[in-house]
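Colleague: Protein sequence lines, in the order shown, are assigned to chains A and B. If you want this note's numbering, it's the position in the first sequence, counting the first as 1, plus 4. If you want this note's numbering, it's the position in the second sequence, counting the first as 1, plus 821. Quick reminder that beta carbons are idealized off the backbone N, C-alpha and C, glycines included. These numbers were taken from a predicted model, which means no experiment stands behind them. Here it is: the structure, laid out below.
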Amino acid sequence: MRVTERMKYDATENRVNQARAMSMDVQDQAASGRKLRSISDDPSGTVRVFRNRTKLENINQFRRSNDYVEGFLGKTEDSMRGITDILIRAKELAVQQSNGVWDAGSRNTVAFEVQHLADQIVQLGNSTYGDRFIFGGFQTATPPVSGDGHYAGDDGLIYVQLDEDNFRPINIPGRRIFEISVKDAGPEGKNVALLRIVQDFRKALETNDKEGIFLASSRLDGAVTQMAELTASLGARRAAVQDAAVRLDNLESFIMKDNVNIEASDPVSTALDMKRAETALSYTMNASAKVLGPSLMDFLK
Amino acid sequence: MPTGLHHILNVGNQSLGNSRLGIEVTGHNIANSQTPGFSRQRTEVTSNNPIEYGNLILGQGADVSSISRAHDKYLEHALRQETQTHGRAETFEHNMSRLEGFFNPDLTSTVRMRMDSFGSALRDFAGTPEEPAMRINLLESANTLTTTLNVTHSNVSQLQADISEELSVDCGVATQKLKEIAQLNKEILAQQGKGSTAPNDLEDRRDLALKEISALMDVQTYHDDRGLITVRGPGSNLLVDGIYAAEVSMVRESATEQPKIVFTDFAKSKANDVTDMFRKGKMAGLLEVRDKYAQGVRENLNEFALKFAQNFNEVHAKGFGRGEFSQHSGRDFFEGIDPHLEAAQHISVSRLIQQDTNAISGAMSADTPGDNVIANELIKSLNKPTFEKNTSSATGFYDNFVAKLGTVSMSAKSDLKAAQIVKANVESQKEQMSGVSLDEEAANMLKYQHLFTASSKIISTADELFKTVMELKR
C-alpha cells in the first residue's frame, strides 16, 4: 500500500474529527442530562414522551378539578345536612305540637321558631361556593331560592371532567330539594315548595289548626326522607372523586418513570462514556502525531 | 559513420537531460503534494532504437518519451459517484435536522405543548365558566397556541427560503464549474493540437472540476477520442458539450411557488425546468428537503390548524356566551382559516373574543351563566378523530407527522455515516493510486541525482577521450 501525503493528513483530520465529535456528543449528553435531544434520537420514544407529557398536564388539571369538585360537593353536603337538620327539628316540633296538650299561646311561640327555621332554609338554599350559587342548576349567578320559597333556578346539571372520559355531575339542582312531591296534591299539582310546607306549618301553629299541624308533620317526614336520599347520593359522588384522585397519583408516578426512562441519560453510563471518549481522543492525537512524523526527506543529506 | 566519441557525448548529454527532467518532475510532485485533485507524475523513459554497428547492435541511450500521471479512470468514476451520493446525504441530513429541530422534544414552546396548555385552560374554563379569570386564561392560551402555529409555520417556510437561497448560490457555482470544464476542454484540445503528450495538469484540474460539480448534482461523463469530456446532468440534460457549457439558474414563477431550477442550453434558446430531476448531489438533498419534507410539514401544519380550528368552531358555534353575548350563539372561536390559504400562517383567535372574553361560548342555552355543556363538548372535541380519514385526533396527527419526520432524519443520519465511510474509502484508494508520497519522491530525487552525477561522468570521460585524441597530433 502506498501511503501518500494527503492520505496521512486527511486520515488524521478525519480521525481527530470523529473522536472530537464523539467526545462533544457525550459531553452534551452529560451537560443536558438528556439522551433524547432530537426526535431522530428516538422517534417512537419522542411520541411516547409527547403523549406522556399530555397525560401529566391533564393529571395536574384533573387534580385541580378534583380539589374544586370536592370542595363544591362538601359545601353542597354541608348545606343539605343543614337543611335536613332544620327539617328534622321542624318535624319534631310538628309531632310535638300535634299533641293536644299544647295551647294556642305555646303554639304561637313555636310558630316564631318555625319562621326562623324557614329563613334558615332560604339562607342555606342560597349557599355559594366561590361566587357560585350551588343549588341554582345553571343559574349560578342569581340566588335560586326567593324569600317566599319559590325556586328560581333551572334543572342544569354541571358536569366536570375528573379523568379522561370521566365527566361527572357535581351539583344538585335545587328543584329536587325545594320542590317536594306530596301525595295530597294541592292546587299547584304534585310538587309543593319545601318552604310552603314549613310556612303552612307555621300558619297552622298560628291559627292553632291541629289538623294542619298533623298534615305538616307527615309532609315534613316525606321531605326528610327525600333529603336523606339525596344526601346519600352525594356521599357516593364524593367517594368517586376521591377514588379518581388516588388513581391520578398512581398514574402520575408511573408516567413520570416512563418519561425518565426515555428522556434522561443515565449518569453512570454517561460518565463512563465521557471517560471513554476522552481516552479515545487523546490516543488519536498521540497516534496522529506519530503518523505525521518525519519522511525519508529528513534523513537525506 | 554513426558512432564515435560524439555518440558517447550525445548519450551522456541525453541522460543528463533525462535526469534533470526527472528531478524537475519530482519537484513538481513535491510542490503539489497537498494540491487537491493532483495526480503524481512520472517520466516515462524508454531506450532509443539501437543502431547496427558493423555486425553489432549498439544501444543509443535513453529518452523521456512522455510524462504521465498516475491515474485510474475507474477510481475517478467511482469517486464521482460517491461524491454525488455523499453530497446529497450530507445536505439532506443537515437540513432535515434543522427541520426536525422546530419540533424537538426538549423545546417547551412547540405546538404540541401549547395544545396541552390550551386543553388545560379549556378544562379550567369548563369547570367554572362564570369566572372571568378562566375566560381570560383560555383566551391567552389560545393566543399562545395560534402564535406558536404562526411561528412554526414561518420557521418552516423560512427554512425553505434559506434553502432556495443556498440553491441559487449553488446554481452560480455550478455554472462557473461547467464553464471551467468547457474552458479546460478547449485548452486540452489546443495542447493536443500542438502534438505534445497528455496535458496531465489540465486533466487533473478538469477531473477536480468534475468532482466539484458531482458534489452538487448527478452527472455522467463521456470521453471522446479527442480527449474531450461531455457532461450530462440531471435528467440526462446536456451540460457540457465540447467547448460549450450550459447555464444553471433559478427562476421564481410566482410568489406562492418555490423557485425552480432551469438549465439554459448553449444557444440560450431554451430553458429546461429540471427541478424534479435531481437525484444525487447537494442540490438534490436541498431540493428534497425543500419540496418534499419541509413542504410536507408545512402542509401538515396547515391541515392541523385548519381541521382543528374548523372542528372547534363547529362546536363553539352551538354555544352561548355571557353578558351581552348570552342571547346569541353562532360565533367562531378561531378565524383566519380559509381552506385556500395557509391556515397555520393566518390562524388567530376571533377579534370578537379578543375584545370581550364573554363572547367565549360554553353554554348550551341562553342566559345560563353556570352552563358548561358546550364547554365540555369542546373538551371532547379535542380528542375527536377528525384527521387521517377520521382515525386520529389533532395531537395524534401531529405526533404522527413529527415521528415520520424523526424517522426520516434518523435514517438520513445513518445514510450520511455510510456515505462518509464509502467516500473516504474511495478517496483513500484514489490517493493511494494518485497521491504524492514524500518518501517516494525523496528516493526518486536521490535516484535522479545519482543518474545526473553518472551522466556527467560519461560526458567528462568523453571529454577526456577527446583530449587524448587531440593530443595525438602534437
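For B/D1112, return the contacting residues in chain A, with the cut-off set at a CB-CB distance below 9 Å.
Modeller: Neighbours of B/D1112 on chain A: none; closest Cβ ~20 Å, over 9 Å.
Colleague: So does the segment 1186 to 1193 of chain B actually touch the segment 150 to 168 of chain A, counting three or more Cβ pairs closer than 8 Å?
Modeller: yes
Colleague: What does the alpha-carbon distance come out to for the pair B/K1113 and B/R1172?
Modeller: 35 Å
Colleague: Going by C-alpha to C-alpha distance, which of A/V114, A/G109, A/G86 sits closest to A/V99?
Modeller: A/V114
Colleague: What is the rounded straight-line gap between the Cα of B/E1008 and the Cα of B/L1049?
Modeller: 10 Å
Colleague: Looking only at its own chain, which residues have a Cβ that is under 6 Å from the Cβ of B/M822, when we skip the five neighbours before and after it?
Modeller: With a pLDDT of 41 at B/M822, under the threshold of 50, the modelled position of this residue cannot be trusted; read the value that follows with caution. Excluding sequence neighbours, B/M822 sits near nothing in its chain.
Colleague: Can you tell me where the alpha helix (DSSP H) holding A/Y13 begins and where it ends?
Modeller: 9 to 36
Colleague: Residues of chain D with a CB under 7 Å from the CB of A/A115: which are they?
Modeller: The question asks about chain D, but that chain is absent: this structure's protein chains are A and B.
Colleague: Does DSSP put B/R861 in a helix, a strand or coil?
Modeller: coil
Colleague: Give a yes or no on whether the minimum CB-CB distance between A/Y155 and chain B is below 8 Å.
Modeller: With 8 Å as the cut-off, A/Y155 does not count as an interface residue toward chain B.
Colleague: Please report the distance separating the alpha-carbon of B/E951 from that of B/D945.
Modeller: 11 Å
Colleague: Pick out whichever of A/N70, A/S69, A/I138, A/T288 has its Cα sitting closest to the Cα of A/A25.
Modeller: A/T288
Colleague: For A/D135, count the other beta carbons within 10 Å of its own beta carbon; 16 or more makes it buried, fewer makes it exposed. Which is it?
Modeller: exposed
Colleague: Relative to the alpha-carbon of B/G1102, which residue among B/S1070, B/E961, B/R901 has its alpha-carbon at the smallest distance?
Modeller: Nearest of B/S1070, B/E961, B/R901 to B/G1102, Cα basis: B/R901.
Colleague: Distance check for A/R57 and A/K261, CA to CA, integer angstroms please.
Modeller: 12 Å
Colleague: For A/G104 and chain B, any beta-carbon pair shorter than 8 Å?
Modeller: With respect to chain B, the C-beta atom of A/G104 has no partner C-beta closer than 8 Å.
Colleague: Does any residue of chain A have a CB that is nearer than 8 Å to the CB of B/M822?
Modeller: At B/M822, the pLDDT of 41 sits below 50, so the modelled position is not reliable and the matter cannot be decided from this model.
Colleague: Using 8 Å as the cut-off, can you tell me whether the segment 245 to 258 of chain A makes contact with the segment 48 to 66 of chain A, which would need three or more C-beta pairs spanning the two stretches below that distance?
Modeller: yes
Colleague: What residue range does the beta strand (DSSP E) around B/E1068 cover?
Modeller: 1068 to 1072
Colleague: Confirm, please, whether the CB-CB distance from A/I125 to A/I92 is below 8 Å.
Modeller: No; because the gap between Cβ atoms is not below 8 Å, this pair is not in contact.
Colleague: Judging by CA-CA distance, which residue of B/L1031, B/T968, B/G948 is the nearest neighbour of A/F142?
Modeller: Closest by alpha carbon: B/G948.
Colleague: My output table needs one value for A/A243: the three-state DSSP class, helix, strand or coil.
Modeller: In the structure shown, A/A243 sits in a helix (DSSP, three-state: H, G or I).
Colleague: To the nearest angstrom, how far is it from the Cα of B/A1263 to the Cα of A/M301?
Modeller: Going by the C-alpha atoms only, they are around 5 Å apart.
Colleague: Using a Cβ cut-off of 7 Å, pull out every chain B residue sitting near A/G160, in sequence order please.
Modeller: By Cβ distance, chain B contributes T1189, G1191, D1192.
Colleague: Report yes if the C-beta distance between A/F205 and A/A220 is below 8 Å; otherwise report no.
Modeller: Yes. Within cutoff.
Colleague: CB B/A1066 to CB B/A1003, shorter than 8 Å?
Modeller: A contact, by the Cβ cut-off of 8 Å.
Colleague: Tell me which same chain residues have a C-beta within less than 7 Å of the C-beta of B/V1110, skipping the five on either side of it?
Modeller: F913, N916, M917, L920, I984
Colleague: On the CB-based measure, 16 or more other CB atoms within 10 Å of its CB, does A/H120 come out buried or exposed?
Modeller: A/H120 should be labelled exposed.
Colleague: Kindly identify the DSSP beta-bridge partner or partners of A/E183.
Modeller: A/A197
Colleague: Determine the DSSP secondary structure at B/I1200, reduced to helix, strand or coil.
Modeller: helix
Colleague: Would you list, in chain order, the members of the segment 110 to 139 of chain A that have their beta-carbon closer than 9 Å to a beta-carbon of chain B?
Modeller: Taking 9 Å as the upper bound on Cβ-Cβ separation, chain B lies near residues G134, D135, R136, F137 of the segment 110 to 139 of chain A.
Colleague: Using the three-state DSSP reduction, which class does B/H907 fall into: helix, strand or coil?
Modeller: helix
Colleague: Could you list the residues in the segment 938 to 970 of chain B with a C-beta less than 8 Å from some C-beta on chain A, going in chain order?
Modeller: S938, G940, S941, R944, D945, A947, G948, T949, E951, E952
Colleague: Please classify A/Y133 as buried or exposed, where buried requires at least 16 other C-beta atoms within 10 Å of its C-beta.
Modeller: buried
Colleague: With 8 Å set as the bound, which would you pick, yes or no: does the beta-carbon of B/R863 sit closer than that to a beta-carbon of chain A?
Modeller: no
Colleague: Considering only residues of the same chain and omitting the five flanking positions on each side of B/A1138, which have a CB-CB separation below 6 Å?
Modeller: G1151
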